[in-house]
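Asker: Pasting in a structure now, in structure tokens, and then I'll have a few things to ask.
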Amino acid sequence: MLSELYARFTPYEWLLSNRKGGYALGTAFLANLRKYHGLLIAGKEEGKRYHLLSSLEERVIFPSGLNFLLDTNFYRDTLYPEGYKLIKDYFFRPFPRFLFQCPYKGEPFLEKTLRFHRDRNVLLISYHNVSSYPYKLILRPKFTFRNHHEVSSASSWQGYALEINSQSAFLAKEDLALFLYTNMGKLKDEVLFYYGVYYPLEDLRGYPAFEDLFSPFYIEVELPPKKTLHLLFSDQALFDPWSVVKDIEERYRPYPLLNFGAHAFAEENLLAILEEMVEDFLLERDIIAGYPWFY
10 MLSELYARFT PYEWLLSNRK GGYALGTAFL ANLRKYHGLL IAGKEEGKRY
60 HLLSSLEERV IFPSGLNFLL DTNFYRDTLY PEGYKLIKDY FFRPFPRFLF
110 QCPYKGEPFL EKTLRFHRDR NVLLISYHNV SSYPYKLILR PKFTFRNHHE
160 VSSASSWQGY ALEINSQSAF LAKEDLALFL YTNMGKLKDE VLFYYGVYYP
210 LEDLRGYPAF EDLFSPFYIE VELPPKKTLH LLFSDQALFD PWSVVKDIEE
260 RYRPYPLLNF GAHAFAEENL LAILEEMVED FLLERDIIAG YPWFY
């Protein structure tokens, strides 16, 4: 199963990072293969890192009533759902971008991008409707709240604090917290666990390979054509979240973007992309040898 995914996509990983040593790390087919894969691993003092956000369950509901899950997860004996089958194209640089297409019409309908703040533990996920029709998105963040070298279980969530507003949320457990801000849609509370998510590469290395992911709410959005939904995740409260979005957009503005369908950057753009790659390994006062282990 894994070899087929590698052949269809690539075995290489994408990486986002910040000057605190925080990072996001994943695969081209958007399935987490090891405990270090995730969307927000916060860099803290003394080189400590905490895995906060694993992934999202992403469901699209078309006007016809057809609906599909866009995410992909490994379990012990199965792969579910199979959202990777809807990925038409993807890029890793200058930031991860994924184009999804309808399996029946073959037409692209959604562009998903992942970007990181340079100096803060803040992740921006953007969903852009590239089609000519509206559709609904139902998104469920899956939380971990653990040291990034460990895995978590459902029993670790017995004591947590949750506050939900129409377009923001706050989740805390022990000394860890996460804030979510969205520019569209509504948040609704409904507790759900994803039991026994499997990390095959951890199993190969002889480490604990199963984890329970916690999801206490979901976001429901009607996304019109050519509009963009932003989800902003932060380990600190943001007093002006949309100025932070602008900061993130400015971080990546100097770098060239490929059009979907293209296979390589033009020669004159290679130096800029190389500069962006070097950024991944710069800390506030140091250079990191590599992710996810070194500091």
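Residue 241 in our numbering sits at position 232 of the sequence shown; the count goes up by one each step and never skips.
Glycine included, each C-beta is placed from N, C-alpha and C at the ideal position.
It should be emphasised that the depicted structure is a prediction, and the values quoted were computed from it without experimental measurement.
Could you say which of 295, 270, 12 lies nearest to residue 100 if we only look at CA atoms?
Answerer: If we check each option's Cα against that of residue 100, 270 comes out closest.
Asker: Using the Cβ count rule (16 or more neighbours within 10 Å means buried), how would you classify residue 106?
Answerer: Counting Cβ neighbours within 10 Å, residue 106 comes out buried, since at least 16 surround it.
Asker: Reducing DSSP to helix, strand and coil, say where residue 130 ends up.
Answerer: Three-state DSSP puts residue 130 in coil, outside helix and strand.
Asker: Do residue 135 and residue 234 count as a contact pair if the criterion is CB distance below 7 Å?
Answerer: No, these two residues do not count as a Cβ contact at 7 Å.
Asker: Give the range of the alpha helix (DSSP H) segment to which residue 218 is assigned.
Answerer: It is not in any alpha helix (DSSP H) - residue 218 carries neither H nor E in the DSSP assignment.
Asker: Out of 144, 35, 64, 275, state which residue places its alpha-carbon closest to the alpha-carbon of residue 20.
Answerer: When only C-alpha atoms are compared, the closest one is 35.
Asker: Less than 6 Å separating the Cβ of residue 72 from some heavy atom of the ligand HEM?
Answerer: As presented, the structure is devoid of all ligands, the ligand HEM included, so that no description of it is given.
Asker: Along the chain, where does the beta strand (DSSP E) containing residue 256 start, and where does it finish?
Answerer: No beta strand (DSSP E) contains residue 256, which is instead part of the alpha helix (DSSP H) from 250-261.
Asker: Tell me which residue opens and which closes the alpha helix (DSSP H) that residue 288 is part of.
Answerer: That run of the alpha helix (DSSP H) goes 279-288.
Asker: Could you work out which residue in 37, 97, 18, 228 is closest to residue 151 when comparing CA atoms only?
Answerer: Minimum Cα distance to residue 151 is reached at 228.
Asker: Go to residue 13, then tell me how far its alpha helix (DSSP H) extends in each direction, as first and last residue.
Answerer: Residues 11-17.
Asker: In chain order, what residues of the same chain lie with their CB nearer than 7 Å to the CB of residue 200, ignoring the 5 residues before and after it?
Answerer: Only 225 meet the Cβ criterion.
Asker: Could you check where the beta strand (DSSP E) with residue 113 kicks off and where it finishes?
Answerer: It is not in any beta strand (DSSP E) - residue 113 carries neither H nor E in the DSSP assignment.
Asker: Which of the three DSSP states is assigned to residue 212 in this structure?
Answerer: If DSSP states are grouped into helix, strand and coil, residue 212 belongs with the helices.
Asker: In the DSSP output, what is residue 6 paired with across the bridge?
Answerer: With the chain covering 10 to 304 only, the question about residue 6 has no answer from this structure.
Asker: Using a Cβ distance threshold of 8 Å, determine whether the region 106-119 contacts the region 42-50, with at least three qualifying pairs required.
Answerer: Output reads no: the region 42-50 does not touch the region 106-119.
Asker: Please report the straight-line C-alpha distance between residue 52 and residue 114, rounded to a whole angstrom.
Answerer: For residue 52 and residue 114, the distance between alpha carbons rounds to 42 Å.
Asker: How far does the beta strand (DSSP E) with residue 200 in it reach, from first residue to last?
Answerer: Residue 200 -> beta strand (DSSP E) spans 195-207.
Asker: State the start and end residues of the unbroken beta strand (DSSP E) segment that holds residue 96.
Answerer: 96-100 is the extent of the beta strand (DSSP E) around residue 96.
Asker: Checking 7 Å against the spacing of the C-beta atoms, do residue 11 and residue 217 come in under that value?
Answerer: The answer is no: Cβ separation not under 7 Å.
Asker: Can the beta-carbon of residue 282 be found closer than 7 Å to that of residue 102?
Answerer: Cβ distance < 7 Å, so residue 282 and residue 102 count as in contact.
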